[in-house]
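Before any comments, here is the structure.
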Amino acid sequence: MYIIMDIFIAILLISAIGYGIMLNRRIMALRRDQKSLEKLAINFQTATKRAEASIGKLKLTAQKSADIMNNGTEKAVGISDDLNFLIDRGQKLADHLEGCVRSTERNEVNKLPRFPKNTVTSDSLDKNNIKASDIHDYENINKHKDLGSLITNIKEKQVTKSDVELEFIKALRSAS
444 MYIIMDIFIA ILLISAIGYG IMLNRRIMAL RRDQKSLEKL AINFQTATKR AEASIGKLKL
504 TAQKSADIMN NGTEKAVGIS DDLNFLIDRG QKLADHLEGC VRSTERNEVN KLPRFPKNTV
564 TSDSLDKNNI KASDIHDYEN INKHKDLGSL ITNIKEKQVT KSDVELEFIK ALRSAS
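So for the sequence shown, our numbering puts the first residue at 444; every next one is plus one.
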């Protein structure tokens, strides 16, 4: 009976050795996979850190871009308001200037002496402080019906800048 038991124990030992070899192979495969898994975990951790750093940089860049755009928008709104103000002011100055010019023209025409037709003479020119050199159209002096139209024509050609015109020019220069 000892022999049967010895055989039985030998069979059990052989099967245990076979099972041990099989377990050893699986453990070795697990260790290989564990090393791959560790490498994968390390790579994943590195990628996560890079992504977090990139997100932080992206947020910072987005904030800077938003600040720049807000500043640009605020400046553009300010410039737009200034331009609208200058346009309104320029329009008012132009209207005022036009009114002054029309008023001055009316006053100048009313101040001109009235002479009968065809009375343009050198004496009448001297009385109105107009020199013959002021008459650009001296050869065609007789085409004017009276001295008033001649004087008006001469004065239109001798336009001088009024105070309003000078103020308008100053305003335009200071705006630019």
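Don't be surprised by glycine CBs; every beta carbon is placed ideally from N, CA and C.
Please read all numbers here as calculations on a predicted model, not as lab measurements.
Asked	Found
Quick one: what does DSSP say methionine 471 is sitting in, helix, strand or coil?	helix
Contact defined as beta carbons within less than 8 Å: I believe phenylalanine 611 pairs with leucine 529. What is the distance between those atoms, to the nearest angstrom?	About 12 Å; that fails the 8 Å criterion.
Smallest Cα separation from arginine 616: which of Arg545, Asn550, Gly533?	Gly533
In the structure shown, what three-state DSSP assignment does methionine 444 receive?	coil
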